[in-house]
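Trainee: Residue numbers (the UniProt record's numbering): 1 to 457.
Note that beta-carbon positions come from the ideal geometry of N, C-alpha and C, so glycine has one too.
All values reported here derive from a predicted model rather than from experimental measurement.
Below are the structure tokens for one structure; questions will follow.
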Amino acid sequence: MKENISDYIKKNQEQIFDKLFSLLRIPSISAKKDHKNDMLQCANRWKELLMEAGVDKAEVMETAGNPVVYAEKLIDTTLPTIMIYGHYDVMPPEPMELWETEPFQPQIIDGYIKGRGADDDKGQSFMHYIAFCYLNSTQQLSCNIKFLLEGEEEIGSPSLEAFCQTHKDLLKCDNILVSDTSMLAADMPSITTGLRGLAYWQLEVSAANRDLHSGIFGGAVANPINELCKIIAQLQDNNGRVLVPHFYDDVEEVSAEERKLIQQIPFDEKTYKENIGIKETHGEIGYSTIERTGIRPSFDVCGIWGGYTGEGAKTVLPSVAYAKLSTRLVPHQTYEKIASLMVEYVKSIAPSYVNVNIYPLHGAESYVCPITLPAYKAAEAAYTRTFGKRPLPVRRGGSIGVIAIFEKVLGVKSILMGFGLESDAIHSPNENYPIEMFFNGIKTIVAFYEELEKVKP
Numbered sequence: 001m002k003e004n005i006s007d008y009i010k011k012n013q014e015q016i017f018d019k020l021f022s023l024l025r026i027p028s029i030s031a032k033k034d035h036k037n038d039m040l041q042c043a044n045r046w047k048e049l050l051m052e053a054g055v056d057k058a059e060v061m062e063t064a065g066n067p068v069v070y071a072e073k074l075i076d077t078t079l080p081t082i083m084i085y086g087h088y089d090v091m092p093p094e095p096m097e098l099w100e101t102e103p104f105q106p107q108i109i110d111g112y113i114k115g116r117g118a119d120d121d122k123g124q125s126f127m128h129y130i131a132f133c134y135l136n137s138t139q140q141l142s143c144n145i146k147f148l149l150e151g152e153e154e155i156g157s158p159s160l161e162a163f164c165q166t167h168k169d170l171l172k173c174d175n176i177l178v179s180d181t182s183m184l185a186a187d188m189p190s191i192t193t194g195l196r197g198l199a200y201w202q203l204e205v206s207a208a209n210r211d212l213h214s215g216i217f218g219g220a221v222a223n224p225i226n227e228l229c230k231i232i233a234q235l236q237d238n239n240g241r242v243l244v245p246h247f248y249d250d251v252e253e254v255s256a257e258e259r260k261l262i263q264q265i266p267f268d269e270k271t272y273k274e275n276i277g278i279k280e281t282h283g284e285i286g287y288s289t290i291e292r293t294g295i296r297p298s299f300d301v302c303g304i305w306g307g308y309t310g311e312g313a314k315t316v317l318p319s320v321a322y323a324k325l326s327t328r329l330v331p332h333q334t335y336e337k338i339a340s341l342m343v344e345y346v347k348s349i350a351p352s353y354v355n356v357n358i359y360p361l362h363g364a365e366s367y368v369c370p371i372t373l374p375a376y377k378a379a380e381a382a383y384t385r386t387f388g389k390r391p392l393p394v395r396r397g398g399s400i401g402v403i404a405i406f407e408k409v410l411g412v413k414s415i416l417m418g419f420g421l422e423s424d425a426i427h428s429p430n431e432n433y434p435i436e437m438f439f440n441g442i443k444t445i446v447a448f449y450e451e452l453e454k455v456k457p
């Protein structure tokens, strides 16, 4: 009798954590150029681990940026092929003084894996690795498996679309599994069925050729910070609506039926406010908090600076002011179109007595996964087996640009089987991952393959 996954985890627990920690110790920070060697080291470590697990081949493949790790185990060309996507790059750990442990010295403390990447996304990707190790070693693989691990997700995956275009045949598959999202709660399973897209710009307003004395020039020369604020004020009204013409032309209007389903998602407004320390929620009129972050687009100023910001006073008119602008987009809105509309509108409202420059920085498309897909049904059944409850389909406010790239280039839908929690502090100091969620994720992934055999089209 073959051992079950729970027994396998228990027997190999020490080895599982040793291997995971070998990845977590590598500071594979894609945002910083001085970590280029760390990126390569992490990619090579993934290759070693995959070869140890018994794949047919594993390669570290070049891109225009950081390398991609590709591996495959092909058991029968007549069987379905599942590709597992993950990313081995992580966010910078700063501010360092807020960490209770060393970010790249992983530890297990009170039932939690502590360290940068513990959840996002080394920990969650590693669940798929362990599930594969188990299925392969016990000869229970029921489909072909491919792995695709990239090193640029945290900076927008700028090299991956070209890689996918070049290697379409290599990446051919039936569905893609991704664990880079979260559940509503540890006892409330959910599957992410939608992601918002993103468009992001930098806005600059300049006037004089140098900073000016505010007493001598104030009132006679335009202040770039004042003018920047006036422009920003014309981008959104008091009801939370974006004022850029044609911004809403392609927005998907979610049906009344789906809005009723959204209302069934457990949500405690009071706890939500207390957890993030706000007096009231705020957003587009006519929509709930969950709807505002899942099915509606949004606009935000992510950064603004200019002039003197040091200690004490300095009476100066700055020569230039800057802002970072961001919109989250919903299905059918394309970031290229929205980026162009924003640039056109800002230029149309820019006063003639200052210089205004706005340019896009990056973007991502939105994504929706139909809950009627056989692979989604398999995931749904797998979560139900592990957690004892049918998972809720949830649209999330975040963006994972590569998911839309897969659909666009490979023509394949992704199933977002995430097991993170809001308390995991991804992108923040003290990132962590509950061991219980880590193990439950492995069990659910194994169950997915078993359920997939039952829902073959």
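Considering residue 199, what are the terminal residues of the beta strand (DSSP E) in which it resides?
Mentor: Looking at the DSSP string, the run of the beta strand (DSSP E) that includes residue 199 is 197-206.
Trainee: With residue 86 as the anchor, note down where its beta strand (DSSP E) starts and where it stops.
Mentor: Its beta strand (DSSP E) spans residues 81-87.
Trainee: Suppose the cutoff is 8 Å on Cβ atoms and the five residues either side in sequence are ignored; what does the same chain contact list for residue 35 look like?
Mentor: If we look at residue 35 and ignore the five residues flanking it on each side, its Cβ neighbours are 27, 28 and 29.
Trainee: Compute the Euclidean distance between the alpha carbons of residue 400 and residue 409, then round it to the nearest angstrom.
Mentor: If you take the alpha carbons of residue 400 and residue 409, they lie about 15 Å apart.
Trainee: Among the candidates 379, 424 and 362, whose CA atom is the shortest distance from the CA of residue 369?
Mentor: Looking at the Cα atoms, 379 is the closest of the given residues.
Trainee: Less than 8 Å between the beta carbons of residue 141 and residue 73, yes or no?
Mentor: Yes, they are a contact pair.
Trainee: Which word fits residue 153, buried or exposed, when buried means at least 16 other C-beta atoms lie within 10 angstroms of its C-beta?
Mentor: It counts as buried.
Trainee: Taking 8 Å as the threshold (C-beta atoms), are residue 319 and residue 396 in contact?
Mentor: No; because the gap between Cβ atoms is not below 8 Å, this pair is not in contact.
Trainee: Could you pull out every residue in the same chain whose Cβ sits closer than 6 Å to the Cβ of residue 298, ignoring the five residues on either side in sequence?
Mentor: Same-chain partners within the cutoff: 328.
Trainee: Taking the alpha-carbon of residue 199 as reference, which of 172, 9, 247 and 98 has the nearest alpha-carbon?
Mentor: That would be 247, whose Cα lies nearest to the Cα of residue 199.
Trainee: Which residue's Cα is closest to the Cα of residue 147: 190, 112 and 81?
Mentor: Measuring from the Cα of residue 147, the nearest candidate turns out to be 81.
Trainee: With respect to the beta strand (DSSP E) encompassing residue 327, which residues constitute its N-terminal and C-terminal limits?
Mentor: Counting along the chain, the beta strand (DSSP E) containing residue 327 begins and ends at 320-329.
Trainee: Taking Cβ positions, are residue 418 and residue 255 nearer each other than 8 Å?
Mentor: Not a contact, by the Cβ cut-off of 8 Å.
Trainee: By DSSP, does residue 100 sit in helix, in strand, or in coil?
Mentor: In this structure, residue 100 counts as coil in the three-state DSSP scheme.
Trainee: Which residue's Cα is closest to the Cα of residue 188: 388, 447, 423 and 432?
Mentor: The candidate whose alpha carbon is nearest that of residue 188 is 388.
Trainee: Grab me the residues of residue 427's own chain with a C-beta within less than 6 Å of its C-beta, minus the 5 sequence neighbours each way, in chain order.
Mentor: Taken in chain order, the residues that qualify are 91.
Trainee: Would you tell me roughly how many angstroms separate the C-alpha atoms of residue 19 and residue 127, rounded to the nearest one?
Mentor: Cα to Cα, the separation comes out at about 12 Å.
Trainee: Give me the residue from 448, 279, 325 and 331 with the minimum Cα distance to residue 242.
Mentor: Comparing Cα-Cα distances from residue 242 to each of 448, 279, 325 and 331, the minimum goes to 325.
Trainee: Going by the CB atoms, is the gap between residue 180 and residue 124 shorter than 8 Å?
Mentor: Yes. Within cutoff.
Trainee: My output table needs one value for residue 239: the three-state DSSP class, helix, strand or coil.
Mentor: Three-state DSSP puts residue 239 in coil, outside helix and strand.
Trainee: Counting pairs of Cβ atoms below 8 Å between the segment 310-319 and the segment 329-344, do you hit three or more?
Mentor: Because the criterion of three Cβ pairs below 8 Å is not met, the segment 310-319 and the segment 329-344 do not touch.
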